[in-house]
Structure formats: C-alpha cells, structure tokens
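Protein chains: 2
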Amino acid sequence: MMTSILVCDDDPKIVDAIEIYLYKEGYRVLKAYDGEEAVEILKKENVQLLIIDIMMPKMDGIRATVKIRETNALPIIFLSAKSEDTDKVLGLNMGADDYITKPFNPLELIARVKAALRRYTMLGSLDTDNNVIFSSGGLMINDETKEVLADGEEVRLTPIEYQILLLLVKNKGKVFSIDQIYENIWNEEAIGADNTVAVHIRHIREKIEINPKDPKYLKVVWGVGYKVENL
Amino acid sequence: MMTSILVCDDDPKIVDAIEIYLYKEGYRVLKAYDGEEAVEILKKENVQLLIIDIMMPKMDGIRATVKIRETNALPIIFLSAKSEDTDKVLGLNMGADDYITKPFNPLELIARVKAALRRYTMLGSLDTDNNVIFSSGGLMINDETKEVLADGEEVRLTPIEYQILLLLVKNKGKVFSIDQIYENIWNEEAIGADNTVAVHIRHIREKIEINPKDPKYLKVVWGVGYKVENL
DNA sequence: ATAGGACTTAAGAAAATCTTAAAGATTTAT
DNA sequence: ATAAATCTTTAAGATTTTCTTAAGTCCTAT
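Line by line, the protein sequences are chains C and G. Residue numbers for the first sequence follow our numbering, beginning at 17 and rising by one. Residue numbers for the second sequence follow our numbering, beginning at 17 and rising by one.
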C-alpha cells in the first residue's frame, strides 16, 4: 500500500518543495494551504502522516492539530520558523510528534518523516496482522509461512537464525547490540553470550549473503552491534 | 510508556522506603547509592525524574547535579536533612526543581513527584528523548541507525568518534571542555587525556569537514573547548 | 615582534572487536 | 535408541579502533 502524506503550509513554494522531496522517496503527497483544508482532507483521505506549518491564516497549525487529534491518531510533524520556541513547545503538547525548523535540510526532513512513520507503523502493526511480510532490498521474510528469500533464492534458517533475522529486518536500519539481540530472542540476561550471537550471525550470513565476507544485508556497526541495511 | 524514577541516597533504608511508595504509584524505580552511580545510570537509562540526597560519600548530590545538568534536563528533587538550609538553597540554584526534608511524609513525596513530572512533561521533553535525529546545518546524526551525514555524504565514524560528535550535536552551540568531553564519553576522570580527545577531534574533522583546517561544524573555542556550531 | 601556551597533525604501537572454523553439547526427529 | 540437526563454546587469526608520542602550527598577551 502506498503511504500518503499531507503537507500543509500557506506558502505554496514550501509545499511544492516538500512535495518534490517526498515524491522522490515514493510517497503519495496531498496538499493543503491552511488548517481548515487540512482538516477536510483528513476526513476524506486515508493519510499516514501530516506535516503542518504552525503559522498560517484562517486556522493555524496548532488549532488544526487539536481538531485533528479529536478523531485521528496519525503522526504529526510541525514546521516552524527558527526562533518560535514557544510554538515549538505548544505544538508538542498538542500532539505533534516532531518538529522541523525552517529553513530545513531536505535530508533531515526525509529522515524525520521516516522515523515518524516507523514509530507509527510499529505501534499500528500490533493490531493489524496485515504486516507479515518484511523486506529489505533482495531480502524478504514472510512471517506467516516462515519463508525467507534472499536474492530470489529460498533460504532455510534454523529457528534462532530466523528469529534474529526477523528482528533485524522488522527493524531494518536500526542497530542492535549483541546483548539486545540476545535478550530479545532468548528472553534472558545476556552474560557471556556474545559469541553465541556472533556465530549465529555468521551462519545467517553464510545462508543469505552472496559473499559472507562482504555482507550487503547483515552489516556490523563497529563497537555497537549489527543491523540489516535499509535498502 | 512507563515513567522511570531514579532514587539516590547512601542510606539503603531510605532508598528502599521511597521505592515502595513510588512502586505503589506505578512508577519504575531505579536505585543508586552515590552520585557517581546516579550519573552512570542516567547515561544509560531513560529516566524522567531524579530524587537525590545532598549529603553522600564519593560524589555528593550537588556535584552530581551539576554533572547531570550538562547533558540532561530532567527534573531533580533534592533530599536533605532538616536543617541543611544552606544546601537547600545551593541545590535549587544548581538546577534542582524541588526539595524534600528528611524525615518526609510519604504523601508529600508522592505529591512533589507528581508535580515535578507534570511540569517536566509540559515543557516538551520530547525534544531529546523521543528524538533520534539531531542536526546542525548540513550535519545530521540518526542515533537509531548510527548513520552520520555530512553535506549529504554518509560518513563512517568509529564508536568514540561517534559518541563525541553525538554529544556535541545533541548540545549544539554549547562548548565542552576537553575534560568534559572525556568524562562524558569514557566515564572516568580526565587526567592527561587531553591529547587523546584532541586526536579524536582531528579524526572527526577529517571525516565530516570539507576542509578540516577550517572547520565549519566542529569548532574550537580557544582556551575553553570545542562545540558544534548551531547552524 | 615574540615567547609560551593551546591546538593540530602524523605515524605507529597497543588494545579491542569482529570473524571464522571446528569440536562438543544439547535438542529434536525418526 | 539412534541419527540428524541445532546450538554453544573455544580459540586463533584478521581487522579495526584507540592510544601514545612527538613534532608541527597557530593564537594571544606582553
């Protein structure tokens, strides 16, 4: 399903700029130019994230947020001019999940959008069993059938290997320390279990990587832990 | 999310008593028995409130508070024996938000805890806690993926380099002395460690700066320390 | 202008972390 | 009960990171 993002700012130039960045990342972009319009669109459309300016005519971002929050729990990112610190605080209390100050760095915008969406879908995926398929690039896990595909090839993992990979792919991009991995899978304190996990990592790599010595999916982050690249 | 409270007193009886009161109210209670321990725990755990005794061996409550305030804005409630009025005043100037005199009334403790937490969450604590993305101009750190982008380019930092840069970007604009940096990252006293930090600074600059000789992000403040410019 | 302290830079030794293979222990399936 | 599969442990080697030393350069006050 395509992710829809509603962008709301009274300055069309900013809306257009954000649209371009988000479109490039593969999101569907809806546009509004004041708070009322945003509220209307959210009633009709299925939107996963709202980016809204604080200072706007008609209905400002804060009042709009209050109204929206009455019926919708979607994540909201506020836009604000650099020094509007008061607004910042107000906005966060009103139910915004993050904020970006103008002028903003496009990469930062994208990163914050992704982080907000991830937090949101993480919470949502608990109720909807819809999310059983996780993937990153040529790597795919179907948690219903327990099938793992790497570059089109089916891969047979042992239960522990499967659980580790599932954890990492479900949270692709996020780095897990060896202890975190151990505690997540074994449900007990990790003491002297570092090699255990390391060996499983090795086995997983042997099975899913074309070249285990130079892994493209399961990467080490030195001194920190492992992650599955968000491809 | 569960609210965590760190209780720090050198008298285990008092810590245990407070734990019981707070636990009944549904809070998660962490325990420390001197200032150093408290500082350690606050670095690792996500804590929303600190209750700390003033008179303690090793590192007393006031020095601990000063240290903690360098990086953490959580509310602090001081515990003090009845007549230590001087300490009381000192503590409040040091960034404590409230104080309770021993022996205390459990109901009063709970009331003050709730009041402090309310004030804190009102002020948008989301800034640093929920946030995993920190940026300054063209510099961006995502602490979840441990990715660092400088002018759009991904940069590979070693763990120590990463931690130093994260500290500076999280507190952009603020100057840290070499000793402060050392103590924050290594968790031990900085003695003769100035060159060590300087070398890491150099390495970070080599990686994130276009021209390391004329750095635009990681600047030196002569005779004081280093900071990341608040761009 | 210059001396002295503060910062920068380079290179190599030391330490820490990760990878890998292989063998033994445990669990599961037949 | 036995074989097969899976998991854990060990340990050596490879790699990366960290620290130290030492010699530079740059600021600032006199």
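By construction, the Cβ of each residue, glycine as well, lies at the ideal position given by its N, Cα and C atoms. The structure displayed is predicted, hence computed values, not measured ones.
Residue 164 (chain G) is positioned such that its CB atom lies closer than 8 angstroms to that of residue 178 (chain G). With a contact defined as Cβ atoms closer than 8 angstroms, residue 210 (chain C) and residue 194 (chain C) qualify at about 5 angstroms. When secondary structure is reduced to three states using DSSP, residue 36 (chain G) falls in the helix class. Looking at the backbone, the Cα of residue 200 (chain C) and that of residue 183 (chain C) are separated by about 8 angstroms.
Put simply, the segment 202-209 of chain C does not touch the segment 220-232 of chain C. Fewer than three CB pairs are less than 8 angstroms apart. Distance from residue 26 (chain C) to residue 73 (chain C) at the Cβ level is roughly 6 angstroms; contact confirmed, criterion being Cβ atoms closer than 8 angstroms. Near chain G, meaning a CB-to-CB distance below 8 angstroms, the residues of the segment 178-211 of chain C are 189, 190, 191. Annotation for residue 117 (chain C): the continuous beta strand (DSSP E) segment containing it runs 114-118. For residue 69 (chain G), the enclosing beta strand (DSSP E) begins and ends at 65-69. For residue 60 (chain C), the three-state secondary structure derived from DSSP is helix. For residue 18 (chain G), the nearest beta carbon of chain C is not closer than 8 angstroms to its own beta carbon. When rounded, the separation of the alpha-carbon atoms in residue 60 (chain G) and residue 49 (chain C) is 43 angstroms.
Residue environment: residue 80 (chain G) is assigned as buried (16 or more neighbouring CB atoms within 10 Å of its CB, all protein chains considered). Between residue 147 (chain G) and chain C, the shortest Cβ-Cβ separation is below 8 angstroms.
A straight-line Cα-Cα distance of about 23 angstroms links residue 116 (chain G) and residue 56 (chain G). In the structure shown, residue 92 (chain G) falls within a strand segment according to DSSP collapsed to helix, strand and coil. Bridge partners of residue 44 (chain C) according to DSSP: C:20.
By the Cβ-count criterion, residue 91 (chain C) is buried, with 16 or more other Cβ atoms from all chains shown falling within 10 Å of its own Cβ. Contacts between residue 236 (chain C) and chain G, judged by CB atoms closer than 9 angstroms, are missing: the closest CB pair is about 11 angstroms apart. Taking residue 188 (chain C) as reference, the option from C:206, C:172, C:135 with the minimal CA-CA separation is C:135. Given a length threshold of 4 residues, each whole run of the alpha helix (DSSP H) inside the segment 155-187 of chain C is given here in chain order: 175-186. Residues of chain G whose Cβ lies closer than 7 angstroms to the Cβ of residue 127 (chain C) are, in chain order, 149, 156, 158.
In the displayed model, residue 209 (chain G) falls within coil according to three-state DSSP, outside both helix and strand.
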